[in-house]
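Residue numbers (this note's numbering): 317 to 433.
One structure is given below, encoded as structure tokens.
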């Protein structure tokens with residue numbers, strides 16, 4: 317899971333259409349997986365992964381089994397679909413939830429275009 321989150325962090329910098337969304341984010345994402353808890357910070361257009369919480373508060377939480385979270389980060393599972401089927405749980409304000417849904421849709425489009433080239 318740690319490797320997948322690191323790859324996810326690096327991929328965001330290569331997705332120009334997603335970068336516009338990331339530039340507007342200022343939050344901490346807590347990822348609760350079977351293999352551990354991880355944190356992603358989004359601030360000033362930069363994304364960094366952490367194994368400990370760098371702030372006392374976090375804005376959003378995504379939790380689920382490792383296999384399902386990997387599918388989510390790979391674009392094989394949509395966030396909304398995962399939540400609807402109770403595969404993944406989210407705990408965040410509406411705006412943050414909307415941003416995550418948009419991100420995973422845009423990520424999937426990027427991967428489809430990249431793989432078809």
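Here a beta-carbon is modelled for each residue, glycine too, at the ideal position from N, C-alpha and C.
When the Cα atoms are used, residue 403 and residue 380 turn out to be separated by approximately 6 Å. Taking C-alpha positions only, residue 328 is separated from residue 365 by approximately 12 Å. Annotated as proximal: residue 363 and residue 325, with beta-carbon spacing under 8 Å. Proximity to residue 360 across 341, 353, 348 peaks at 341, based on C-alpha coordinates. For residue 400, there is no enclosing beta strand (DSSP E); the enclosing alpha helix (DSSP H) has its first and last residue at 395 to 400. The continuous alpha helix (DSSP H) containing residue 384 extends over residues 382 to 390. Measuring C-alpha to C-alpha distances from residue 357 to each of 400, 323, 350, 376 identifies 376 as the nearest. An exposed status is given to residue 322, since fewer than 16 other beta-carbon atoms sit within 10 Å of its beta-carbon.
Between residue 369 and residue 317, the alpha-carbon positions lie close to 17 Å from each other.
Assignment of residue 325 by DSSP, reduced to helix, strand and coil, places it in the helix class.
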